[in-house]
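In what follows, a single structure is set out as structure tokens and then discussed.
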Amino acid sequence: MKLGEACAVAPLAVSSGLLAAGAAIAFAPSVGSTPARHALRSSGAARGSATGGTVDQAACAPAVAAALVGAAAGARRSRRARRSARQALQTAFKTDMSEKIFAEAQDLMPGGVSSPVRAFKSVGGAPIVFDRVKGAYAFDVDGNKYIDYVGTWGPAIIGHADDVVLAALKDQMEKGTSFGAPSTLENVLAKMVIDAVPSVEMVRFTNSGTEACMGMLRLVRAYTNRETVIKFEGCYHGHADSFLVQAGSGVATLGLPDSPGVPKGATAGTLCAQYNNLESVEALLKENEVAAVILEPVVGNSGFIPPTKEFLQGLRELTTKYGALLVFDEVMTGFRIAYGGAQAYFGVTPDVTTMGKVIGGGLPVGAYGGRRDIMEVVAPAGPMYQAGTLSGNPLAMTAGIETMKRLQQPGSYEHLDKITKKLIGGILDAGKEAGHALCGGSISGMFGFFFCEGPVTCFADATKSDTDKFARWHRKMLERGIYLAPSQYEAGFTSLAHTEEDIDATIAAAKEVFAEI
Ligand SMILES: Cc1ncc(COP(=O)(O)O)c(C=O)c1O
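Note that our numbering numbers the sequence shown so that position 322 is 313, with each residue one more than the last.
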């Protein structure tokens, strides 16, 4: 193959924090924001409750609340009032409990977390320890309330802890939490997925997106009787060995492992191409017997990078021409950018699809599905083995079903699209007005931006973003009650629970932060 045509550097498990690792940044403490806090208060975002040990900061600190409201008088404020409001806010945003708990966690779990990116390594500062979530909001152990744009990394598309989902879960719990036997609930969710997702005629449930991608990988190899797969720089498909591939310049086809412990043999069959670059894919297809081309149909794991429609259509044609399967990893985009996922949105139908996040409604679920003739290779219908003790468990199925029912209601995706466009538009305008180089975008409830001139069409473009500036932006937004993904290389998510007022408050905070960084 022509090495120059293949992407030289492989991707990485950006979501798992590999990309972000080692980029810790120290922050000077900074003052909070007055108008933004005021907007948050008006929208209800700063009204915490004392449930579960958290403290309502407005209720407990009337002086702080008074200072905040007083400070919102905009241009007419005196310097003295502004100063006192800042001092009040410095007092208001406290992280003592978070820091204490995280310090203990670091002694108990590697890096103090159960998944790397949660540790805030790439933005610096200690992570916020959550106490509870509801709707569009997260509440931390210090009593701070945040408008949440992480949404537990995607699943919370109808808002956190939705009352209908919780009620259904309570009912289901009475009947048992795990069957390890067939249940009607699996049929219900399977039918919903099959009805919605164009490529899916049969589905297998798993417990996570990683597991779904592992099953999918074995399936495409079993079905085609070929071993090599092509993925894209900057696309993440879970933490299975074969997807953790790093390649130095010109050695993409060598499939060097990106993490210690990944054997060379596990990644030798993983080639890497450049996103939105059909030539890089065809060069690999010409030189190798490829089982499948696997991609995030909209990239969310190196920041938000949309595909061109021609790219997706071109992949459909190329894979058909070279006898490879086309796989959309819709763990993130499935039921998020449209009810039928990216394949419905762009009108390009892959052979196999992986899903997760939204279809579990906040409980651990993944799934892979595709054409009947392909899926019938999976055991026990066929010879390809894949299994799971808790797969398809009734609680996860219930949360998924109720979440999808809510998404089916008219106006769901219109709402997501409207508020997310307003959010990213407001952020980009505010940043540009303050003189920052910025580019970004959104599709339905998924968004992102980079601190660089655009366009960003692939991972190499994304790395031009000023990540130090992103880290400063992240912390200062956090201090103003806006919870964003703690890495430049992650997409953001909105939900049906986010209101126009939440978006206004977020843009108001962004304006202040852009002026300061
Ligand atoms: C596109 C994609 N595939 C796979 C995964 C892995 O899913 P999980 O974290 O549930 O294992 C993720 C996780 O973010 C993802 O975004």
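A virtual CB, placed ideally from N, CA and C, is assigned to each residue, including glycine.
| Check | Outcome |
| --- | --- |
| Taking the Cβ atom as the reference point for each residue, do Tyr521 and Phe450 lie within a distance shorter than 9 Å? | Limits of the chain in this structure are -8 at one end and 508 at the other, which puts residue 521 out of reach. |
| Taking just the CA atoms, how far does Thr86 sit from Gly171? | 42 Å |
| Can you list, in chain order, the residues of its chain with a C-beta nearer than 6 Å to that of Ser250? Leave out the 5 residues immediately preceding and following it. | Leu235 |
| Can the beta-carbon of Ile350 be found less than 9 Å from the beta-carbon of Thr380? | no |
| Tell me whether the beta-carbon of Met437 lies closer than 9 Å to the beta-carbon of Phe337. | no |
| CA-CA distance, Arg32 and Asp493? | Only weak support is given to the placement of Arg32: the predicted model assigns it a pLDDT of 41, under 50, and the question is left unresolved by the model. |
| Does at least one heavy atom of ligand 1 sit under 8 Å from the Cβ of Ser199? | yes |
| According to the Cβ coordinates, are Asp320 and Ile365 closer than 9 Å? | no |
| Compute the minimum distance between the beta carbon of Trp144 and the heavy atoms of ligand 1, and state whether it is under 8 Å. | yes |
| I'd like to check one pair, Asp452 with Phe441: are the Cβ atoms closer than 9 Å? | yes |
| Tell me whether Asn292 counts as near ligand 1, meaning its Cβ is closer than 8 Å to at least one heavy atom of that ligand. | yes |
| Give every residue of the same chain whose Cβ lies closer than 8 Å to the Cβ of Ser174, excluding the five residues on either side of it in the sequence, and list them in chain order. | Gly383, Pro385, Met388 |
| Which one of Pro146, Val114, Met88, Ser106 has the shortest CA to CA distance from Val120? | Met88 |
| Throw me the rounded Cβ distance for the Thr344 and Tyr359 pair, which I believe falls under 8 Å. | 7 Å |
| For Val179, which option in Val194, Arg363, Lys166 has the closest C-alpha, if you only look at C-alpha atoms? | Val194 |
| Quick one: grab the DSSP three-state call for Leu31. | Any answer about Leu31 is weak, because its pLDDT of 45 lies below 50 and its placement is not dependable; what the coordinates show is given next. In the structure shown, Leu31 sits in a helix (DSSP, three-state: H, G or I). |
| When the distance is taken between beta carbons, is Val141 closer than 9 Å to Leu407? | no |
| Distance check for Ile149 and Arg397, CA to CA, integer angstroms please. | 7 Å |
| Measure the C-alpha to C-alpha separation of Tyr137 and Gly431 and round it to an integer number of angstroms. | 23 Å |
| Quick check: does the Cβ of Ala147 come within less than 8 Å of any heavy atom belonging to ligand 1? | no |
| Shortest alpha-carbon distance to Leu316 belongs to which of Asp342, Arg327, Pro298, Ala83? | Asp342 |
| Please find out if some non-hydrogen atom of ligand 1 comes closer than 8 Å to the beta-carbon of Gly352. | no |
| Does the Cβ of Gln400 have 16 or more other Cβ atoms within 10 Å, making it buried, or fewer, making it exposed? | exposed |
| Starting from Leu208 and walking both ways along the alpha helix (DSSP H), at which residues does that stretch end? | 200 to 215 |
| As a quick exercise: from Glu481, Ala282, Leu262, pick the residue whose alpha carbon is nearest that of Arg109. | Glu481 |
| Use the C-beta contact count for Val155: other C-beta atoms within 10 angstroms, 16 or more gives buried, fewer gives exposed. | exposed |
| At the level of alpha carbons, what is the spacing between Gly353 and Gly391? | 8 Å |
| CA-CA distance, Lys502 and Met205? | 43 Å |
| Give a single yes or no on whether Ala387 has its beta carbon closer than 8 Å to a heavy atom of ligand 1. | no |
| Tell me where the beta strand (DSSP E) around Arg195 begins and ends. | 193 to 197 |
| Under 8 Å from any heavy atom of ligand 1, does the C-beta of Gly229 make it? | yes |
| Roughly how many angstroms lie between the CA atoms of Ile498 and Gly416, to the nearest whole one? | 9 Å |
| For the segment 381 to 405, list the alpha helix (DSSP H) runs that are entirely contained and at least 4 residues long, ordered along the chain. | 385 to 399 |
| Less than 8 Å separating the Cβ of Ala203 from some heavy atom of ligand 1? | yes |
| Using only the alpha-carbon positions, how far apart do Lys91 and Gly134 sit? | 14 Å |
| Any heavy atom of ligand 1 inside 8 Å of the beta-carbon of Gly347? | yes |
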